[in-house]
Structures are given as C-alpha cells and as structure tokens.
Amino acid sequence: TIGMVVIGASGTVASGTSTNGAIHKLPGRVGDSPIAGAGSYADSTAGGAAATGDGDIMMRFLPSYQAVEYMRMGTDPTLACQKVISRIQKYAPKFFGAIICANTTGSYGAACNKIPGFTQFHFMVSNPLLSRPTEQVVDCI
Amino acid sequence: MAAGRGGDWQGVTVVLLFLGVLTPAGAASAAALPVVINTWAFRTAADTAWRVLESGGSELDAVERGCGQCEIDQCDGSVGYGGSPDESGETTLDAMIMDGNTMEVGAVADLRRVKNAIGVARKVIEYTKHTLLVGESASLFAVKMGFPYEDLTTQKSLSLYSEWLNQSCQPNYWKNVVPDSSKSCGPYKRREEVTYKEEQTSSQRNIHNHD
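Spelled out as structure tokens, the structure:
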C-alpha cells in the first residue's frame, strides 16, 4: 500500500491511498485504504495523515482521522502519530501498522508498532529543505 | 506614570523576545512547505508527486500522480496490478483520494480489471456526488470514465496463487469453519459452535502483505 499526504505552499492539504490489499484475502474483502479517516485523512485547517499495515485492525480505530484531530489540537505530528499507535496497541498489541502525519506548517512525523520482524518504518519526505525526496526511518514503539 | 511607561516597555520587550523566539521557527516552517510525505520507501512515487507540484499542479494532482506511479511500478507488490491475489487468484484494488479544502472524498474498493485505481477514485470526486464505489459496479463506472478494462493477473500473481494452493491454502483468513481452515483448503462451511479467541494479527501481515 502507498499512503500519501501533500501539503501545498499555502497549506492546502490532500491525501490518498492505493493498494491491492491483503494477499489470499476472501473475495470481497476491503481494508482501511479506501475508507476516509482510516487509510488517510486530510483537512486544510489541521493537516493530513495516512496509515499502512493490517487494515482489518486499523480501520476499526480511524487512525488517520484521530491523528489529524490531535494535530488540530496543536499536537506535534510525531506525537500525534505515536498517540494513535499507542491507542491501537492497547487493544491489539501485536498489530502490524504504521502512520505518517504532517501539519499545515510543514512539520511531519511517523510512528509504528514494534513487533518481531518490524522494528523500524521507512517513509519518504520531499520539501524545500531536502534537495530530493529523502528516505527517513523511525524506530517503532 | 513612569512606572506605567516602564510596564509598557517591559510588555513590548516581552513581545519582541517572544517574536524573536518564534520567528526562526515560523520561518523554518514556512520554508518547509510544500511537503510531500508517503508511506514506505517508494521513491519514484515521492519524486513524481513532487514534480507535479513543481510544475504547478494541485495537491490533488500530486497525490493522484504520485500514487498512480506506484500503481504502474507495482510498488513492493503491494500496490497495483499483479499483486496480492485473493482466494480465487484475482487481484483487486482499493484507492481513495481526499481534498482537505472541500472535504470531498472519492474512493473505489474491490475494483476489478482496472489498473489505475487512484485515477478512478479521482473521477468519483469529479463526476459523481458519491464517495465510495465498489466491485464490478466500480469497474463499470471506470470504463464509462474511459479507463481500460484489462486483466490484472501477472505471472507473479499466478505463481503466488499456485504456491498458496499447493500449501493447503495456508495462511488464510477463515475461522470457525469445517474443514479446519488451519489445515485444509475450502470450500468451508460454518461450524455450529463459534469459539471466540483473541485475534493473533501479527502472524500474517508483514512488509510485503499489507494495506
């Protein structure tokens, strides 16, 4: 799955996702990616977020919506992402998932759930301070 | 009066100090826009979205083209055609795009035989008053919008499907069925007694199998 958040020079936010979903799923199964607030969410008055991982679990918590609401309240994007992951951890400690967050000033962050075989999450960032799209890594919590 | 003027200056000084602290951070934030951020190390997607912005495209254009590039590249096998075959061996696609100004959303789910899922999602915003279209009906909509109707199967997806069949359809997502889904392929029937176990969700999902 890819999840993407774009924030323009004037702070306009757009987001999106695209995926072929879980392998060997039951025909008809749909994950979090096409659900607003789950796979991604965008609000030009606050920011944007996009989630990736086990959609069957993550879609139950509307993580992208939750992250944007945290940022609306002034929470730093990294902390907003971490709070979302922590919330899901309480119910599904072994879930596979990560989320990226960015606010309308251009600050951004990411977080993921640490499980065996998944201890770091890689994501891409482009902005005027980086000479080219740059891979970044966060340690999972 | 003097004390009052002194108080005013103190206030101005506090304000100036406050601005002095905030301005560099504020300037740094302003310099950090625009920003494109995406999940996983999908560089070509990020690069495509960034170039769309550079060439004067909108934020929605950047999302559509960036994610669309991943569909073309079949990023990690988890995006686009020829990946993640379902139990019948078919690849289906889900995509969504959201405009944070208008809060409009266009989405497609369980899209079959159309490669450019995020493109179809954008058309849901532009040409309908709906939010989410699914299944074969979403495919028919896509065809009406001019998207090619084509097979999403590849040698790789066929191979993944064959391997899975040869491994007694393991792993799968069934529970409380007969025959035992942890050992056998279907077709399954529901078991009379349903048992509730804590979900073990980490076993089947990984960096190559995810939403």
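Chains A and B, in that order, give the protein sequences.
The first sequence finishes on residue 141 if you use our numbering, and the numbering steps up by one all the way, no holes.
The second sequence finishes on residue 1211 if you use our numbering, and the numbering steps up by one all the way, no holes.
No residue lacks a Cβ here, since even glycine has one placed at the ideal position from N, Cα and C.
task = Would you list, in chain order, the members of the stretch 1058-1074 of chain B that have their beta-carbon closer than 8 Å to a beta-carbon of chain A?
result = S1058, E1059, L1060, A1062, V1063, E1064, G1066, C1067, G1068, C1070, E1071
request  = Taking A:D54 as the reference, give the member of A:I99, A:F95, A:T134 with the closest Cα.
outcome  = A:F95
inquiry  = Counting beta carbon pairs with one atom in the stretch 1057-1076 of chain B and one in the stretch 29-38 of chain A, are three or more of them shorter than 8 Å?
reply    = no
Rounded straight-line distance, which links the Cα of B:L1111 to that of B:R1065 = 18 Å
key: Cβ-based burial, B:D1180 [other Cβ within 10 Å; buried from 16]   = exposed
ask   = By how many angstroms is the C-alpha of B:D1086 removed from the C-alpha of B:N1209?
value = 12 Å
request  = Per DSSP, which residues does A:G109 bridge with? Please list them.
outcome  = A:C101
query = Buried or exposed: which applies to B:V1178, given that a residue is buried once 16 or more other Cβ atoms fall within 10 Å of its Cβ?
reply = exposed
message = Since B:M1098 and A:A49 should fall inside the 8 Å C-beta cutoff, what is the C-beta to C-beta distance between them, to a whole number of angstroms?
response = Not quite, the Cβ-Cβ distance comes to about 11 Å (not below 8 Å), so this is no contact.
task = Tell me whether B:F1141 sits in a helix, a strand or coil according to DSSP, three-state version.
result = helix
request  = Could you tell me which of B:A1095, B:N1206, B:R1113, B:L1152 sits nearest to A:Y41, measuring between CA atoms?
outcome  = B:A1095
Contact list for B:L1140 against chain A, beta-carbon separation under 8 Å = Simply none; closest approach about 17 Å.
Cut-off 6 Å between Cβ atoms - residues of its own chain near A:M58, not counting five sequence neighbours on either side = D32, A51, G97
request  = Would you list the residues sitting across from A:H122 in a DSSP beta bridge?
outcome  = A:V137
ask   = Which value, in whole angstroms, describes the spacing of the CA atoms of A:R87 and A:P63?
value = 9 Å
request  = Compare the beta carbon distance of A:T104 and A:G47 with 8 Å and say whether it is the shorter of the two.
outcome  = yes
inquiry  = Less than 7 Å separating the Cβ of A:G21 from some heavy atom of the ligand MG?
reply    = Annotation note on the ligand MG: not contained in the displayed structure, which lists no ligands.
inquiry  = For B:Y1127, report the span of its alpha helix (DSSP H) as first-last.
reply    = 1117-1127
query = Could you give the residue range of the beta strand (DSSP E) that holds A:A51?
reply = 47-53
message = Going by C-alpha to C-alpha distance, which of B:E1150, B:R1191, B:Y1161 sits closest to B:C1169?
response = B:Y1161
key: Boundaries of the beta strand (DSSP E) in which B:A1109 is found, first to last residue   = 1105-1112
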